[in-house]
Amino acid sequence: MKKLLFAITASSCLTLSNDALSVETPFAIAIHGGAGTIEKARFTPEQEQLYRDKLSEAVETGYKVLELGGESLDAVTAAIEVLEQSPYFNAGRGAVYTYEGSHELDASIMDGRNRQAGAVAGVKHIESPINLARLVMENSVHVMLSGQGAEEFAKEQGVTLIENNLFDTPHRYEALIKAKQKLDKAKAASKAYQAAHKALPNNYKMGTVGAVALDKNGNLAAGTSTGGMTAKRYGRVGDAPVIGAGTFAENESCAVSATGHGEYFIRYNVASDICARVKYQGKTIADAGNDVINGVLKPIGGTGGVIIIDTKGNISLPFNTSGMYRASKSNTQATYVGIFNDE
Ligand code: ASP
Numbered sequence: 023m024k025k026l027l028f029a030i031t032a033s034s035c036l037t038l039s040n041d042a043l044s045v046e047t048p049f050a051i052a053i054h055g056g057a058g059t060i061e062k063a064r065f066t067p068e069q070e071q072l073y074r075d076k077l078s079e080a081v082e083t084g085y086k087v088l089e090l091g092g093e094s095l096d097a098v099t100a101a102i103e104v105l106e107q108s109p110y111f112n113a114g115r116g117a118v119y120t121y122e123g124s125h126e127l128d129a130s131i132m133d134g135r136n137r138q139a140g141a142v143a144g145v146k147h148i149e150s151p152i153n154l155a156r157l158v159m160e161n162s163v164h165v166m167l168s169g170q171g172a173e174e175f176a177k178e179q180g181v182t183l184i185e186n187n188l189f190d191t192p193h194r195y196e197a198l199i200k201a202k203q204k205l206d207k208a209k210a211a212s213k214a215y216q217a218a219h220k221a222l223p224n225n226y227k228m229g230t231v232g233a234v235a236l237d238k239n240g241n242l243a244a245g246t247s248t249g250g251m252t253a254k255r256y257g258r259v260g261d262a263p264v265i266g267a268g269t270f271a272e273n274e275s276c277a278v279s280a281t282g283h284g285e286y287f288i289r290y291n292v293a294s295d296i297c298a299r300v301k302y303q304g305k306t307i308a309d310a311g312n313d314v315i316n317g318v319l320k321p322i323g324g325t326g327g328v329i330i331i332d333t334k335g336n337i338s339l340p341f342n343t344s345g346m347y348r349a350s351k352s353n354t355q356a357t358y359v360g361i362f363n364d365e
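All residue numbers for the sequence shown refer to the numbering used here, where the first residue is 23 and numbers rise by one.
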């Protein structure tokens, strides 16, 4: 009898695990290329297509890594690298200018398995800040390195430093000139720099790239990379390299990458607040993301958005601006690319 029971149990286990095997393990990726005043009227059809193609290339690049069984960290890094190489997005090659006319880049990455994290802030000669953030996570005992020190670490890691002017682009320069004109006007009217900067339209303050991914082993990762805000000054650092603000990942809840007015995202600890709502209040990522982006940030003027993913492969892309460059793909969802808020 005992033997028979064992046989039944063993065979039902076998049936169960066969069933489990027949359902494909979820894997998914989402990316963003910044949120802000992004209106259809500002684009020619050709320009719009260029953005859509680049977003699609980035999400497909990350997806391929996952499809082949690669890690979520590798998918996030690969997708972000594509966007860092593009002059259209405010990260790497397309980074905005500081008030002084140079470029200072911030980035961070987090591993949902163990909450390991790496970040760099205010680096000037690093072609791929997301890669350096990853090196900080994997090869240093620290979480965040900044400025010159981060670049010394990069050299020790074999990273080639590049000239800062390789990040120059005419369209970002034009944005700097316009931002400075507005700031100087405010100065002439004896308004403080801070107040004047706060009053700059959102399109001077926004743009960042990021990715979140779930791999076939059920591990989440998140990463964010940015040039920060046009005409930023005094070594300003935004939310992108701040773990918990611009980037967060833990397998028990979700992975988040943010874009928007960084000061608000730091003060409201946006990325980790979303995951905390999932973890402690049992909310879906869609509800938690909406609570924070529209419920908490919007009423206080905190503009921007996030991309969120959970271990079931659910994806949510909430934002409270007129647009957010975004794309996603999963083993059950075809490639989605969006820019404006009505698509
Ligand atoms: N969050 C970035 C920053 O404040 C900018 C952005 O995402 O648009 O530096």
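Where a beta carbon is used, it is the ideal one built from N, C-alpha and C, also for glycine.
Of all alpha-carbon atoms in K334, L72, E173 and A211, the one lying nearest the alpha-carbon of G240 is that of K334.
Just so you know, the alpha carbons of G134 and Y119 end up roughly 32 Å apart. Every beta strand (DSSP E) of 3 residues or more that sits fully in the stretch 93 to 152 is shown, in chain order, as 127 to 133 and 138 to 145.
Between the alpha carbons of A280 and A235 lies a gap of roughly 14 Å.
In this structure the stretch 347 to 357 does not lie against the stretch 282 to 300, because fewer than three pairs of beta carbons, one per stretch, are closer than 8 Å.
Taking 9 Å as the cut-off, the beta carbon of S130 is found closer than this to the beta carbon of G268.
Excluding the 5 residues flanking it on each side, A97 has same chain C-beta neighbours closer than 6 Å at I51, G84, V87, L88 and A235, in chain order. Within 10 angstroms of the beta-carbon of K254 lie 16 or more other beta-carbons, which makes it buried. Looking at the DSSP output, S247 bridges to A129 and V231. DSSP places R299 within a helical segment (H, G or I) once states are collapsed to three. Distance check between G245 and each of F341, V292, G144 and N153 places N153 closest, using alpha-carbon atoms only. By the beta-carbon neighbour count (other beta carbons within 10 angstroms, threshold 16), I184 is exposed. Three or more beta-carbon pairs separated by less than 8 Å link the stretch 67 to 84 to the stretch 349 to 360, which places the two stretches in contact.
The way I'd put it, the stretch 172 to 182 doesn't touch the stretch 191 to 206; fewer than three beta-carbon pairs between them come closer than 8 Å. With a 10 Å radius around the Cβ and a threshold of 16 neighbouring Cβ atoms, T66 comes out exposed. Spanning the alpha carbons of A117 and I148 requires a straight line of approximately 12 Å. The C-beta distance from I315 to P340 rounds to 4 Å, short enough to meet the 8 Å contact threshold.
For T269, the uninterrupted beta strand (DSSP E) segment begins and ends at T269 to A271. Counting the other CB atoms within 10 Å of its CB gives A211 a total below 16, which places it among the exposed residues. Shortest gap from the CB of E285 to any heavy atom of the ligand ASP: under 8 Å.
Secondary structure note for F362: its beta strand (DSSP E) is the uninterrupted segment Y358 to F362.
Per DSSP, the continuous beta strand (DSSP E) segment holding I51 begins and ends at A50 to G58. Measuring C-alpha to C-alpha distances from D332 to each of R156, G55, K238 and G114 identifies K238 as the nearest. Here N112 is buried, its C-beta having at least 16 other C-beta atoms within 10 Å.
For Y347, the three-state secondary structure derived from DSSP is strand.
If you draw a straight line from the Cα of A271 to the Cα of I330, it comes to about 9 Å.
Here the distance from the Cβ of D190 to the nearest heavy atom of the ligand ASP is not below 8 Å. Excluding its 5 nearest sequence neighbours in each direction, G266 has C-beta neighbours in its own chain below 7 Å: N291, A293 and S294, listed in chain order. Contact between A101 and G282 does not hold, since the beta-carbon distance rounds to 19 Å and is not under 8 Å. Closest option to Q170, judged by alpha-carbon separation, among V145, R156 and L319: V145. By a beta-carbon distance limit of 8 Å, A308 does not contact L95. Their separation comes to about 24 Å.
Counted as a single uninterrupted DSSP element, the stretch harbouring V165 is not any alpha helix (DSSP H), since DSSP gives it neither H nor E.
Only exposed fits T357, as fewer than 16 other CB atoms lie within 10 angstroms of its CB. For D128 against G326, the beta-carbon gap comes to about 15 Å, at or over 8 Å, which does not count as contact. Burial check for H193: the Cβ neighbour count within 10 Å stays below 16, so the residue is exposed. Burial check for N273: the Cβ neighbour count within 10 Å reaches 16 or more, so the residue is buried.
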